[in-house]
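Since the structure comes first, as structure tokens, the remarks are kept for the end.
Residue numbers (this note's numbering), protein chains in the order written: chain A, 1 to 249; chain B, 1001 to 1436.
Encoded structure:
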């Protein structure tokens, strides 16, 4: 589904990713862990097409196509979903409108008609229960005045409705208390399926107690320096990042 | 500089309402003296430094002192009548009874033309006229006091909750016209009312110089809306001066969309524990110049003021915001927040913003913030990451920025009219109305 080969990318003029390789198959859940400044968020930004980054070398293939060649909205319509580390507040645009506009963009991209209003409402109400959110959130401006936990839940709600093929979770656990973390994790787990992959970026092992990954990778200084199964996360937690950084050197 | 206006005044002074009332005659004379001595405001005055009114000075706009509204074609302003409201129409600065619709007005509420109010009860008018703003405020106020040809007097008695909004529809039907209006709104204790001031006019140049004095008594609540959609070449001066008594509440929704050059003054004096909420939206296109001047005077303790003015400026337009929050020594526990946010849509558009705080009390909470900028890239990217293309994202964000102010209006009919005007001014904003 996703193949990243020898990816080098700069943020502005600063090289951040320095030869990253990663392959994700359908249905797999990959966790990327790493110390601050390793390039975790840069990876999610480059994959989703955020402006401000330059890919200097390497390539990213998504479903057989060059992902980096696509505009951000096309990537999203093709099924790449980024759950933001810092979801943006959009005053004046209601949550439900954004959900509907996003879903219809995907349907149009797929050559389908716009979603029926009643079907849409049923779908949204069904998914919002899953995230244990109040219906009033639908009619509030996107993320405006939401707490940290509400924003993260809202990101997962969007994913639940848009049904992406590749879901990138950028530090979705940061800033969450344990109850909010459990709700978010349940939401993510309910989305797991054979044709949907996840790339979870996190600094802490805690999230992986609730969402068990198939693979864990350690990112340090712009490269994956170690890969393994879920047990790697525990080992990291116990030994600290210096352990892998030391190994890489 | 002003002699041509003064010469005109002398010719028509006898036709102004209330000339037989001694105190009013004296007031008008003082005002004229003030105006002739000071002339129109100049860029040298701090409060006019961004707004050049010399074009008004060079022209001569003439008042219409004889009512000649019978043949007025009302088709062009009928669209602006608010459904379900009591509507009072002023044409070219004169009350037009035949165009007004006051059916269903409760008997204890007074809605009178200023001419009639002065004729019927000059002593009552004396209690209010020139009491919320003095002729020394600046020359347009003096000009207005000297020359007002009519206006409205509204009195809501104590404890009356008026269910229908009252609309003042100011219409200018002729080019070169001078429409000088003085309105007085009195909302007595515990009364509540919604009032809408709508300004519309022809496409030729004309001048509106309107002053509205507002008195909100103890525990009363007034929500005043101003929908300024003057013609493209119009000059507009509109001042609203408010006195709020103890616990009085005043909400203002100020939409400045029209005119070539528009200046809006919004001042309020807050007594103990009173509250004001000032909202403004100014939209500039082409070469429009829109100046907003607000002043909130916290004179007594525990009052709360909230202010948010937003500007969307396109093409070569220019928006000005000068906001003053004054806190007197006695006004402890003042809670005030002032914000001005400007969105520039073109490289040639300009926003000048100057928030000011003058605080003489020591136990107060006064916040202020200003932004001038373009759409935020992170917001555009967020929408793109949610499948929306960049152009649509920009349109959505622009519209949403402005619509936030329209959305605050609680009168459904008015909100729809505002929305129409908003979309008309930004046709590139292809917003799906279905979700609104």
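We treat Cβ as the ideally placed atom computed from N, Cα and C, and that holds for glycine.
Distance check between residue 1202 (chain B) and each of B:1352, B:1076 and B:1050 places B:1076 closest, using alpha-carbon atoms only. In the three-state reduction of the DSSP assignment, residue 1031 (chain B) falls in the helix class, which pools H, G and I.
Around the beta carbon of residue 1004 (chain B), fewer than 16 other beta carbons lie within 10 angstroms, which makes this residue exposed. Secondary structure note for residue 151 (chain A): its alpha helix (DSSP H) is the uninterrupted segment 148-162.
Beta-bridge partners assigned by DSSP to residue 1132 (chain B): none are found. The C-alpha of residue 1199 (chain B) lies about 6 angstroms from the C-alpha of residue 1230 (chain B). Neighbours of residue 1408 (chain B) across chain A, judged by C-beta separation under 8 angstroms, do not exist; the nearest C-beta is about 11 angstroms away.
Within chain B, the residues 1386 have their CB atoms less than 9 angstroms from the CB of residue 158 (chain A), given in chain order. A Cβ-Cβ separation of about 13 angstroms leaves residue 1154 (chain B) out of contact with residue 1090 (chain B) under the 8 angstroms criterion. Among the residues of chain B, those whose CB is under 7 angstroms from the CB of residue 88 (chain A) are 1378, 1379 and 1382, following chain order. DSSP places residue 1108 (chain B) in no alpha helix (DSSP H); its state is neither H nor E. Taking a beta-carbon distance threshold of 7 angstroms, residue 1389 (chain B) counts as an interface residue toward chain A. Below the 8 angstroms Cβ cutoff, chain B contributes 1387 as neighbours of residue 106 (chain A), in chain order.
Against chain B, the beta carbon of residue 125 (chain A) has no neighbour under 9 angstroms; the closest one sits roughly 17 angstroms away. Sequence-distant partners of residue 1321 (chain B) (beyond 5 residues in either direction) whose C-beta falls short of 6 angstroms from its own C-beta, in its chain, are 1292, 1309, 1340 and 1353.
If you check the CB distance, residue 1241 (chain B) and residue 1197 (chain B) do not come in under 7 angstroms.
By DSSP's assignment, residue 196 (chain A) forms a beta bridge with A:193. Between residue 1403 (chain B) and residue 228 (chain A), the gap from beta carbon to beta carbon reaches 7 angstroms or more.
Put simply, the CB of residue 1396 (chain B) is near chain A, with a gap under 7 angstroms to one of its CB atoms. Contacts with chain B at 7 angstroms (Cβ-Cβ) do not include residue 164 (chain A). The C-beta of residue 1403 (chain B) comes closer than 7 angstroms to at least one C-beta of chain A.
Of the residues A:46, A:38, A:25 and A:36, the one whose Cα lies closest to the Cα of residue 7 (chain A) is A:46.
Shown here for residue 1030 (chain B): same chain residues with a beta carbon closer than 7 angstroms to its own, the five before and five after excluded, namely 1135 in chain order. Residues 1153 of the same chain have their beta carbon placed closer than 6 angstroms to that of residue 1112 (chain B), with the five preceding and five following residues left out of the count. DSSP places residue 107 (chain A) in the uninterrupted alpha helix (DSSP H) bounded by 95-109. The residue from A:153, A:166 and A:57 with its alpha-carbon nearest to that of residue 177 (chain A) is A:153. Looking at the backbone, the Cα of residue 1162 (chain B) and that of residue 123 (chain A) are separated by about 43 angstroms. For residue 61 (chain A), DSSP records a beta bridge to A:3 and A:66. For residue 1401 (chain B), the enclosing alpha helix (DSSP H) covers residues 1390-1407.
Residue 1350 (chain B) is bridged by DSSP to B:1318.
Cβ neighbours of residue 1350 (chain B) within its own chain (closer than 6 angstroms, five residues either side excluded): 1318. Contact of residue 77 (chain A) with chain B is assigned, a C-beta pair being separated by under 7 angstroms. Closest by C-alpha distance to residue 1192 (chain B), out of B:1255, B:1344 and B:1249, is B:1249.
Its chain contains 149 as the residues whose beta carbon lies nearer than 6 angstroms to that of residue 180 (chain A), once the 5 sequence neighbours on both sides are disregarded; these appear in chain order. Here the alpha carbon of residue 34 (chain A) sits roughly 13 angstroms from the alpha carbon of residue 20 (chain A). The C-beta distance from residue 1274 (chain B) to residue 1228 (chain B) rounds to 26 angstroms, too long to fall under 8 angstroms, and the pair is not in contact.
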